[in-house]
Amino acid sequence: MTHPSTPSTPSTPSASSTSSTSKVVLITGASSGIGEATARRLAAAGHHVVLGARRTDRLAALTKEIESQSGSALAHELDVTDPASTQSFVAAAHDRYGRVDVLVNNAGVMPLSRLDALRVDEWNHMIDVNLRGVLHGIAAVLPIMSAQGGGHIVNISSVSGLRVDPTAAVYSATKHAVRALSEGLRQESRELRVTVISPGLTRSELTDSIGDSTVRDAVQGQMGIAIPAAAIGKAAPMVTEQQVRAWVEGYVRAWTSSSKKDITALFTPQAEYHERPYETDWIGREAIIDGWLGRTPWQEGGWEFEWSVLTINGDTAAIEGTGRYKELGTFANLWTVTLDKNGKCTMFRMWNNQI
Ligand SMILES: NC(=O)c1ccc[n+]([C@@H]2O[C@H](COP(=O)([O-])OP(=O)(O)OC[C@H]3O[C@@H](n4cnc5c(N)ncnc54)[C@H](OP(=O)(O)O)[C@@H]3O)[C@@H](O)[C@H]2O)c1
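For the sequence shown, my numbering gives the first residue as 909, with consecutive numbering after it.
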């Protein structure tokens, strides 16, 4: 049996220059937090990053820093609530490089409050930035990606796109909406790759936008357990550089070339085999990546596997997938593979479920 090849894990940012495999990656909200960390990481990996935000002084400083390390960056003012501004941001990238490979829709705000506080302007602002902003980004790149015959849209949602908490009703609604429209986009195009990254609580400037001081103090009090933005900055490079796909496809090959009995041998010594209902705990994980990561062709016996969720947690990554059977269309095997930083499986879980 052939073991899957081990993809290289993103290394710490270091000086690097671009090459023919460099991608043109546009990042909204690149002036701080996750967007800034993502830009550093992608530039260090040799991609051309195009940085958008309203605070152009921050973008200029980041561009200078990236260029001083032989990276490639272009800064452009961007207000994602304005379709014309978003079009001009994308056009600047296209004019400079002649293509747009990846758009990371990252810009976001999170003025949390209880609904009965009636901070209606803040609700609308969240909808304008977190939801309309993502749609403006999609609208600006879709014609270019269609003409190119492909592209990749990475939308930053949140664990709040998977659950709802008090004071986060509107924020969660916008992040659920981002997941919904990403899924629709994914279904509509096989050429376009669509990925959703859902970080947990991350250290950034996001809580500064909380206008309700009681809520702001409470959230900022939790920052001790928050994830560093640089950790989330690893996620987009992993998906844009197809490392996730390499993992997934490697394990698809391993799976499809083995019987159920062999699986135990394949994943020992820590292997676990469970038959139990699907359950998961999103809290405490660094980033959940959701989208079309890999799909096998239909197999001879009439089944296929599709992997759609990846969790990056420190140096491990967990992939969750679904097996579909043509004859028993309503059944699925849901399973999780946990890989260490070398791509070795440290945990294999599988359970049957009816969906
Ligand atoms: N921090 C967390 O705990 C967490 C968890 C899950 C998901 N997220 C998501 O991650 C994304 C990045 O947030 P972050 O945590 O890195 O917060 P951050 O440090 O506050 O960064 C937010 C970025 O969005 C930009 N932005 C805000 N409004 C904009 C607008 N109208 N047009 C263009 N850019 C705009 C900001 O730039 P300018 O102000 O310069 O325009 C800034 O660069 C957001 O979508 C957020 O919802 C964060």
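Don't be surprised by glycine CBs; every beta carbon is placed ideally from N, CA and C.
Does residue i pass the burial test, meaning 16 or more other C-beta atoms within 10 Å, or should it be called exposed?
i	result
S927	exposed
K1121	Note that residue 1121 corresponds to Ser in the displayed sequence, not to Lys. Exposed, since its Cβ has fewer than 16 Cβ neighbours within 10 Å.
R963	exposed
G1092	exposed
M1131	exposed
L950	buried
E975	exposed
L1026	exposed
K1168	Since pLDDT at K1168 reaches only 42, below the 50 mark, its modelled position is unreliable, and no value is offered.
V1072	exposed
D1264	Since the first residue shown for the chain is 909 and the last is 1263, residue 1264 is missing from the structure and cannot be characterised.
G1069	buried
Does the separation of the CB atoms of residue i and residue j fall below 7 Å?
i	j	result
T994	A1055	no
V1017	S1117	yes
A945	A1144	no
I1140	T1082	no
V932	R1022	no
L1109	A1134	yes
V1104	R1087	yes
V1067	S1112	no
L1011	I1061	yes
V1042	T989	no
R939	H956	Strictly speaking, residue 939 in this sequence is Ser, with Arg absent from that position. Taking 7 Å as the Cβ cut-off, S939 and H956 do not qualify as a contacting pair.
F997	G954	no
G1119	E985	no
Have a look at the options and flag the residue whose alpha-carbon is nearest the alpha-carbon of residue i.
i	options	result
L1089	G1059, D1116 and H1044	H1044
I1052	G1141, L1100, R1022 and G1119	L1100
A1126	E975, P1019, D1024 and L1039	P1019
G941	G1041, K1142, W1031 and H984	K1142
V1028	A961, P991 and V1078	V1078
Skipping 5 residues on each side, what residues in its chain have a beta carbon closer than 6 Å to that of residue i?
i	result
G943	I935, G937 and N1014
V958	L934, L982 and A1001
I1191	Residue confidence for I1191 is low, a pLDDT of 38 falling below 50, so the modelled location carries little weight; the figure read from the coordinates is stated next. There are no such residues.
G1058	E1099
P1136	R1111
Keeping to the same chain, check which residues put their C-beta closer than 7 Å to that of residue i; ignore five residues upstream and five downstream.
i	result
Q1095	none
Step through the CB atoms of chain C and report whether any lies within less than 7 Å of the CB of residue i.
i	result
S1090	Within the model displayed, chain C is absent; a lone protein chain is all it includes.
List, from N- to C-terminal side, the alpha helix (DSSP H) runs of 4 residues or more that fit wholly inside the region 1089-1150.
Listed in chain order, the complete alpha helix (DSSP H) runs (minimum 4 residues) inside the region 1089-1150 are 1121-1128, 1137-1140 and 1143-1148.
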